[in-house]
Amino acid sequence: LVFSGSKDEL
Amino acid sequence: MNVFRLAGDVSHLVAIIILLLKIWRSKSCAGISGKSQVLFALVFTTRYLDLFTVFISVYNTVMKVVFLALSYATVYLIYMRFRNSYNSENDTFRVEFLLVPVIGLSFLENYAFTPLEILWTFSIFLEAVAIMPQLFMITKTGEAESITTHYLFFLGLYRALYIANWVWRYHTESFYDLIAIVSGVVQTIFFCDFFYLYFTRVLRGRGKMTLP
Chain A
1 LVFSGSKDEL
Chain B
11 MNVFRLAGDV SHLVAIIILL LKIWRSKSCA GISGKSQVLF ALVFTTRYLD
61 LFTVFISVYN TVMKVVFLAL SYATVYLIYM RFRNSYNSEN DTFRVEFLLV
111 PVIGLSFLEN YAFTPLEILW TFSIFLEAVA IMPQLFMITK TGEAESITTH
161 YLFFLGLYRA LYIANWVWRY HTESFYDLIA IVSGVVQTIF FCDFFYLYFT
211 RVLRGRGKMT LP
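The listed protein sequences correspond, in order, to chains A and B. Going letter by letter, the first sequence gives residues 1 to 10 in the working numbering. Going letter by letter, the second sequence gives residues 11 to 222 in the working numbering.
Okay, structure coming up:
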């Protein structure tokens, strides 16, 4: 599972 | 990018534009909580600091600039341009009751103890409660103009669509962001009471939303 801050989201 | 996130971003943009146009065209910010708008400008400021350090896509950069510009423009209209129509006597929510827990939590719960990461986490937690002063103001005055309720509808809808986006991303790319999800769910729950009133009164009554 990729688990990280969703920095590509606004 | 998926349809839920795109719809969410569009809904968010629509909400911000509805509010800005309402204030600009009516030349008044009566019934609008300036505190909430300041909190939203703070949310965007602390979340989009990576605007100049990380390039994700044209869409991402453009939307961040637009959200920052429109939110600061809204704050400007409320506190400068039309400040004599600002109901400061009704906008009395104690924002320190929001900021202190949010700051504390963002230091406790984050993905990395770095300035950018803590500020990003702060913006996520703050966004969940930033609408409180506005909802408090409406309960205090007991009513809201219908255009304000449309603003709140699209604002609440945007994070609900983001929840759908997170479910979609979990199932399609096994990706999940716990901090954003938990905060987004809390944020959407805070809108539920409003959604109930919106669907039962505004859409049916087509007039002002008056609280019981």
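Built from N, CA and C at the ideal position, the CB exists for glycine as well.
Kindly indicate if chain A contains any beta-carbon less than 9 Å away from that of residue 270(B).
-> Lying outside 11 to 222, the shown extent of chain B, residue 270(B) is not represented and no answer is given.
If residue 96(B) sits next to residue 88(B), beta carbons under 8 Å apart, how far is it from one beta carbon to the other, in whole angstroms?
-> Counting from 1 along the second sequence, the entry for residue 96(B) is found at position 86. Counting from 1 along the second sequence, the entry for residue 88(B) is found at position 78. 6 Å between Cβ atoms; contact.
- Message: Please report the straight-line C-alpha distance between residue 2(A) and residue 199(B), rounded to a whole angstrom.
- Response: Sequence index remark: in the first sequence, residue 2(A) carries index 2 (1-based). Sequence index remark: in the second sequence, residue 199(B) carries index 189 (1-based). Low confidence applies here, because residue 2(A) scores a pLDDT of 49, under 50, leaving its location unreliable and the question unanswered by this model.
So who's on the other strand from residue 219(B), going by DSSP bridges? Walking along the second sequence from the start, residue 219(B) turns up at place 209. DSSP, once it has assigned bridges, lists 154(B) as partnering residue 219(B).
- Tell whether a beta-carbon distance below 9 Å holds between residue 178(B) and residue 191(B). Stepping through the second sequence from its first residue, residue 178(B) is reached at position 168. Stepping through the second sequence from its first residue, residue 191(B) is reached at position 181. For residue 178(B) and residue 191(B), no; Cβs fall outside 9 Å.
Residue 21(B) and residue 209(B) closer than 9 Å at C-beta
For the purposes of this step, residue 21(B) is identified with residue 11 of the second sequence, where counting begins at 1. For the purposes of this step, residue 209(B) is identified with residue 199 of the second sequence, where counting begins at 1. No.
Say whether chain A places a C-beta atom closer than 9 Å to the C-beta of residue 190(B).
-> Taking the first residue of the second sequence as position 1, residue 190(B) is located at position 180. Yes, contact with chain A.
Can the beta-carbon of residue 161(B) be found closer than 9 Å to that of residue 25(B)? Looking up residue 161(B) in the second sequence gives position 151. Looking up residue 25(B) in the second sequence gives position 15. Yes, the Cβ-Cβ distance between residue 161(B) and residue 25(B) is below 9 Å.
When you compare the CB of residue 161(B) with every CB in chain A, is at least one pair closer than 9 Å? Sequence index remark: in the second sequence, residue 161(B) carries index 151 (1-based). Output row for residue 161(B): interface = no.
From 152(B), 27(B), 218(B) and 15(B), residue whose alpha carbon lies closest to that of residue 47(B) = Position 37 of the second sequence, counted from the first residue, corresponds to residue 47(B). Residue 47(B) has its Cα closest to that of 27(B), out of 152(B), 27(B), 218(B) and 15(B).
In the region 171 to 185 of chain B, which residues sit with their C-beta less than 9 Å from some C-beta in chain A, listed in chain order? Of all residues in the region 171 to 185 of chain B, those with a C-beta nearer than 9 Å to a C-beta of chain A are 172, 175, 176, 179, 180, 183, 184 and 185, reading in chain order.
Report the start-end ranges of each alpha helix (DSSP H) in the region 25 to 100 of chain B that is 4 residues or longer and not cut off at the edges.
At a cut-off of 4 residues, the continuous stretches assigned as alpha helix (DSSP H) that sit fully inside the region 25 to 100 of chain B are 44 to 57 and 68 to 86.
Fill in: Cβ-Cβ distance between residue 193(B) and residue 122(B) below 9 Å
As a working mapping, residue 193(B) is identified with position 183 in the second sequence. As a working mapping, residue 122(B) is identified with position 112 in the second sequence. No, they are not a contact pair.
Have a look at 34(B), 45(B), 49(B) and 59(B) and flag the residue whose alpha-carbon is nearest the alpha-carbon of residue 8(A).
-> Residue mapping note: residue 8(A) aligns to position 8 of the first sequence, counting from 1. The residue with the shortest Cα to Cα distance from residue 8(A) is 59(B).
Quiz item: Along chain A, which residues have their Cβ under 7 Å away from the Cβ of residue 15(B)?
Solution: In the second sequence, counting from the first residue as 1, residue 15(B) sits at position 5. Listed along the chain, the chain A residues whose CB falls inside 7 Å of the CB of residue 15(B) are 9.
Put residue 186(B) into one of helix, strand or coil per three-state DSSP. The residue given as residue 186(B) occupies position 176 in the second sequence. Reduced to three states, the DSSP call for residue 186(B) is strand.
Below 8 Å on the Cβ atoms is my contact criterion, and I expect residue 119(B) with residue 219(B) to pass it. Report the Cβ-Cβ distance as a whole number of Å. Stepping through the second sequence from its first residue, residue 119(B) is reached at position 109. Stepping through the second sequence from its first residue, residue 219(B) is reached at position 209. Not really, about 35 Å apart at Cβ, beyond 8 Å.
Can you check whether the C-beta of residue 147(B) is within less than 9 Å of a C-beta belonging to chain A?
In the second sequence, residue 147(B) corresponds to position 137, counting from 1. For residue 147(B), the nearest beta carbon of chain A is not closer than 9 Å to its own beta carbon.
Practice item. Run down chain A in chain order and give the residues with a C-beta less than 8 Å from the C-beta of residue 77(B). Key: What you label residue 77(B) is simply residue 67 of the second sequence in a count that begins at 1. Neighbours of residue 77(B) across chain A, judged by C-beta separation under 8 Å: 10.
Practice item. Check the Cβ-Cβ distances between residue 67(B) and every residue of chain A, and say whether any is below 9 Å. Key: As a working note, residue 67(B) is residue 57 in the second sequence. Flagged as an interface residue toward chain A: residue 67(B), by a C-beta distance shorter than 9 Å.
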